[in-house]
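The structure under discussion appears below in the form of structure tokens.
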Amino acid sequence: MSDTQLTPEELAGQKYKYGFTTDIAMEEFPKGLSEEIVRLISAKKQEPEWLLEWRLKAYRLWCESEEPHWAHIHHPPINYQDYYYYAAPAKAAPKSLDEVDPELLKTYEKLGIPLNERAALAGVAVDAVFDSVSVATTFRETLAKAGVIFCPISEAVREHPELVRKYLGSVVPQSDNYFAALNSAVFSDGSFVYIPKGVRCPMELSTYFRINARNTGQFERTLIIADEGAYVSYLEGCTAPQRDENQLHAAVVELVAMNDATIKYSTVQNWYPGDAEGRGGIYNFVTKRGACRGRNSKISWTQVETGSAITWKYPSCILQGENSVGEFYSVAVTNHHQQADTGTKMIHIGKNTRSTIISKGISAGKSNNTYRGLVRILPAASGARNFTQCDSLLIGEECGAHTVPYIENRNLTSKVEHEATTSKIAEDQLFYCRSRGLSQEDAVGLIVNGFCKDVLKELPMEFAVEAQKLLSVSLEGSVG
Amino acid sequence: MLEIKNLRARIGEKEILKGIDLTVPTGEIHAIMGPNGAGKSTLSYVLSGRDGYEVTEGEVLYNGVNILELAPEDRAAAGMFLAFQYPVELPGVGNANFLRTALNAVRRKRGEPELDAVAFLKSARAAIKSLQMNEDFLKRNVNVGFSGGEKKRNEMLQMALLKPGLAILDETDSGLDIDALRIVSEGVNALRGPSFSALVITHYQRLLDHIVPDMVHVLAGGRIVRSGPKELALELEARGYAGVEAA
Amino acid sequence: MTALPTKKLEAWRYTDLRALERLSFGAVPAAALPALPEFAGPIVVFANGRMSAPLAAPLGDGREFAPVQEHGPQSLAHINAEQAQDGLSLSVPAGIDGGALLMLSHNAGETPFAAHPRHRVTLGDNARLTLIELVKGEGVYWHNPVADIALHGGAVLTHIRLQQESTAAFNTTLIRANVAAGAAYEHFTATIGAKLSRTELHVSLLGEGARADLNAAQLLRGEQHGDFTAVVRHAAPNCASRQTVKSVLADDAHGVFQGRIEVAKGAQKTDGYQMSRALLLSERATMDIKPELEIFADDVKCSHGATIGALDAEQLFYLRSRGINEPEARAMLIHAFLEEAFAPVTDEAAHKLLIEAIGTWWTTP
């Protein structure tokens, strides 16, 4: 691994450069997970005692719990002792574009990613990275001026321990589920965001660049706090297909919104899905949850999931504050042998809380795509409202589309509405497009994008364009 | 020039077209009339390449190329345009996006440069204006919630933009009202010229009052049973199909 | 005895049988013949789980009972198989229209007891039958019937259940139906009685053009718990299924609807529909809904919808603005909601019995 793999934040603050170099010596860390490894991770990160204890508690909880099997996914048993839990061995970065898999480059080209970015994504040492240094610097200055904290969570542990200690695990406790416990024990790094009272974050925060750092994102932990009246839009892009073998990702994302605060969290996930025969691909077990703690607070999740061999993910909202709002907009595409079991939980606790769920699932090839969602209205949630729409589109005869909604209503004055449909791309729609000159694939792309429009329009502009192209690319070869 | 030679086609086991011979020289507009079940819609679908119709014999040459071997999109790129009897709805797909994607796909295949968003909007707006349409059209989803007349207008707008060399209008039994009749005829007449031909498939003569054909063919029982000048349409109107077939 | 299912099982997450588990059952008491309702056709009576009147009907051979083997995963069916001693065995020969048959199940005793009847209904090719079940009782008991239904090609069974168990009783009913090509199973359950009840249906559409309509109305009050669980498996192409459940819940009542449409690979042109509407009349009433779709074929039309809410304030206001007082306006709206729920019951005799069973439910919440 070379310097070019560093994140903008790391490049911006030179001291982390050396910290990173030290990490590289960690290649000799043994495989597997034990209390010893957890202690080592914490020690290497020079963490305070309380965080080590927090990790150890998580580790013990993980040891006592069992891998969940209720989702509509199947995979060979995961041997947790066969993974590296810290700074896994780095692969040598390719020296030029010529060394990069041409298939990968073709995909980038189709996604419309500019040449220098394509190189950066593929991990090639080019000038693009220097561009990102300056980008990162201006970035930091603008944010600092606004009082926004945006840094790696490991840095936040050192620089803002009171905030981290107060909020870490307050939305997703270590005991929440098997994968959250695992993440809590071994999380490598991730983002920390704090938007102070009354501040509207002056730019969209993005992990786009940081994703380029390879082999570090397996157990990301993200914590975003929007204080009273604050606003932030956070983008998480995993637009770089990774060429890993059944690599395990178990991330945790926690969001906290105080009175009148809004957090918009957008994800475009395109991890390596495995090949057409179902070999390889990422196992993506992610716990994402937001707490609308304050009055009139709002948390909005938008996700476009096209990658990973397995996706297990339910970005959720706990609607505690009066009049708080939760939203979940999702597009999940599965092709070949991919399996996605994704959805949301909307827990209505406070009065007049509202939630909207729009889910679009597209299955092709031999894949299985499941929407799983819970809407729970608790007795105190008078005047609560939920609207859910989940639609499935099937392409081909060998795929599966499943809808598993749970609706639990404990309040008379609340109103819950749920609609779901299943359909296929109609022959006459395809023919109509083709008779106007569109190729079969372009026609499928167009119709699928139309099917997903209600979700795509929630994405920030530049993300939406990328997501649209991604949908078409993901479904290539799925029709006729 | 469109040349249909001994075209036979069937749906499943049922033969619908039983040897059609027809030539439409470039620059001419021909009408095909015929009773219900004569095979008029089948002919338009076979010409534009819809699945489900099996051509068992014959060929269709458009400018010398056997188009039966081409995919529907390649026929479109070659300059053929089918105006649908019942235009299909595409929920969530914006009309502007659809038109531009189609136009650029066709232009690419014809070796013409693609239009950027600005150039496209300019030509789309010009076409909309000439068809006396509202610009809202571009913002709406393709045919979703359109009235019958609006759908026809949208077909004509697509035709105006794609500038086909051959238009096939499938108006069989669609019960066009006066308004729709006018829209379709104005759309076709606007393109009329030495490099444009059209095949107007219709059950009733009245469309031909607006689009005056160079030739009229009668399709019955899967064959062309009579051909003649435009006056033939009037004769059909007066005597009915039975009389003509017998003649 | 086989253990009862617990809430840890996904299929039982909303229905808790611990109250049933705490009961101890004594011997089945001798039963008196209950009063018979007015009914033009043949009536068969089960009292405390035993058939107590011969089947005076031209439908076949009366009862035939033999111990049964259970292989399925449902533990209540296993308990039934272990304990079953009697049941209705009914077959309508091919081509025969069996008309309407009333089955009255009545359970009553001084001390808690359990009844596990096991019924079998078979309709030959193109046979027809309307089976109306009146389920009543007094006191504390557990009624755990299992019914296996086989419908041959083109047969139509209309099955209407009016569940009016004692409000101290438990009712767990399992109905399994195999529906052949062109046959139809039309089911309606009105859940009015029992402290805790669950109607669980597993219907397999095995031949082309088979159809299942699984409808229910739940009218619950006090601390009643009513669960309607319906699974339809589309194993053949061109089959249609409908599940509609309407629930009216007063006081502390708890309604549950779990529906699942399974579309097997190759079951193209499936038309599946699920709808659940619940009307909550009290602050403490609760409703849980889980309408699932599991689809392995691409050319299908499946949809589901669910709504839960209170009486529509605007409708109430509209009625009141026309001079109708609030209680009356509420009663009108509840009645209207129920009328819609009863729409599937088209059989005249069944409809009359249903209206009797409901009484003035909506005016006295």
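Residue numbers (my numbering), protein chains in the order written: chain A, 1284 to 1763; chain B, 760 to 1006; chain C, 2 to 366.
Quick reminder that beta carbons are idealized off the backbone N, C-alpha and C, glycines included.
Check                                                                                                                           : Outcome
Neighbour flag for Ser-1415(A) against chain B, beta carbons, 9 Å                                                               : Only weak support exists for where Ser-1415(A) lies, its pLDDT of 32 falling under 50; the value from the coordinates is given anyway. It does not; no Cβ of chain B falls within 9 Å.
Chain A within 9 Å of Gly-310(C), Cβ atoms only                                                                                 : yes
Residues near Ala-939(B) in its chain [Cβ-Cβ closer than 7 Å; skip 5 each side]                                                 : Gly-907, Gly-908, Lys-911
Min CB distance Phe-1670(A) to chain B below 9 Å                                                                                : no
Per-residue contacts from Met-288(C) into chain A (C-beta, under 7 Å)                                                           : Asn-1692
Proximal residues to Trp-1345(A) (C-beta, below 6 Å), its chain only, five neighbours per side dropped                          : Ala-1464, Leu-1465, Ala-1468
Where Ser-1718(A) meets chain B, residues with beta-carbon distance less than 9 Å                                               : Ser-807, Gly-808, Arg-809, Pro-831, Glu-832, Arg-834, Ala-835, Met-839, Phe-840, Leu-841, Phe-843
Glu-813(B) - containing beta strand (DSSP E), residue span                                                                      : 813-821
Pick from Ser-1607(A), His-1358(A), Glu-1680(A) that is closest to Arg-1764(A), judged by C-alpha positions                     : Any question about residue 1764(A) goes unanswered here, given that chain A covers just 1284 to 1763.
Through-space distance from Val-824(B) to Asp-785(B), alpha-carbon basis                                                        : Asp is not the amino acid found at residue 785(B); the sequence shown has Thr there. Computed Cα separation, rounded: 14 Å.
Extent of the continuous beta strand (DSSP E) run through Pro-292(C)                                                            : 287-296
Any alpha helix (DSSP H) of 4 or more consecutive residues that is wholly inside the region 918-995 of chain B                  : 937-950, 966-969
Contacting residues, own chain, Cβ-Cβ under 6 Å from Val-1535(A) (five flanking each side not counted)                          : Val-1455, Ala-1463, Asn-1466, Arg-1504, Thr-1570
Residues of its chain near Gly-360(C), where Cβ-Cβ distance is below 8 Å and the 5 sequence neighbours each way are ignored     : none
Cβ neighbours of Leu-1230(A) in the same chain (closer than 7 Å, five flanking residues each side left out)                     : With chain A covering only 1284 through 1763, there is no way to say anything about residue 1230(A).
Neighbour-count burial assignment, Ser-1415(A), 16 or more Cβ in a 10 Å radius                                                  : Residue placement at Ser-1415(A) cannot be trusted, given a pLDDT of 32 that sits under 50; the coordinates are not used to answer.
Proximal chain A residues relative to Asp-253(C), where beta-carbon distance stays under 7 Å                                    : The contacting residues do not exist; Asp-253(C) stays about 11 Å from chain A at best.
Listed by chain order, chain C residues near Val-1687(A) by CB distance under 7 Å                                               : Glu-293
Gly-838(B) classed as buried or exposed, judged by whether at least 16 other C-beta atoms fall within 10 angstroms              : buried
Contact with chain C by Trp-1353(A), beta-carbon distance below 9 Å                                                             : yes
Inter-stretch contact (C-beta, 8 Å, three-pair minimum) for the region 1564-1578 of chain A and the region 1723-1737 of chain A : no
Beta carbon proximity, Glu-341(C) to chain A, threshold 9 Å                                                                     : no
Touch test, the region 987-1000 of chain B against the region 13-26 of chain C, Cβ-Cβ under 8 Å, three pairs minimum            : no
Near the ligand PLP: Ala-1001(B) beta-carbon under 8 Å from a heavy atom                                                        : For the structure depicted, the ligand PLP is absent and the ligand set is empty, with no information on it obtainable.
Interface flag, Gly-223(C) vs chain A, CB-CB below 9 Å                                                                          : no
Chain B contact for Met-1309(A) (CB, 9 Å cutoff)                                                                                : Confidence is the limiting factor: at Met-1309(A) the pLDDT is only 37, short of 50, which leaves the residue's position unreliable, though a coordinate-based value still follows. It does not: the Cβ of Met-1309(A) has no partner Cβ on chain B nearer than 9 Å.
Closest by C-alpha distance to Ala-1533(A), when choosing among Val-1476(A), Gly-1609(A), Ile-1361(A)                           : Ile-1361(A)
Environment of Ser-322(C) [buried if 16+ CB atoms lie within 10 Å]                                                              : exposed
Within chain A, the residues that Glu-11(C) reaches when beta carbons sit closer than 8 Å                                       : Trp-1353
Any 3 or more C-beta pairs closer than 8 Å across the region 1651-1663 of chain A and the region 1693-1701 of chain A           : yes
CB contact check: Cys-303(C) to chain A, cutoff 9 Å                                                                             : yes
Spatial distance of Ala-836(B) from Leu-921(B) (CA atoms)                                                                       : 9 Å
Buried/exposed call for Gly-1406(A), threshold 16 Cβ in 10 Å                                                                    : Reliability of the predicted coordinates at Gly-1406(A) is poor, the pLDDT of 43 falling under 50, and the value obtained from them is presented with this limitation in mind. Buried, because 16 or more other Cβ atoms sit within 10 Å of the Cβ of Gly-1406(A).
Cys-1735(A) at chain B interface by Cβ criterion, 9 Å                                                                           : yes
Within 9 Å, strictly: CB atoms of Tyr-1612(A) and Trp-1595(A)                                                                   : no
Beta-carbon proximity of Leu-897(B) to Ala-855(B), cut-off 9 Å                                                                  : yes
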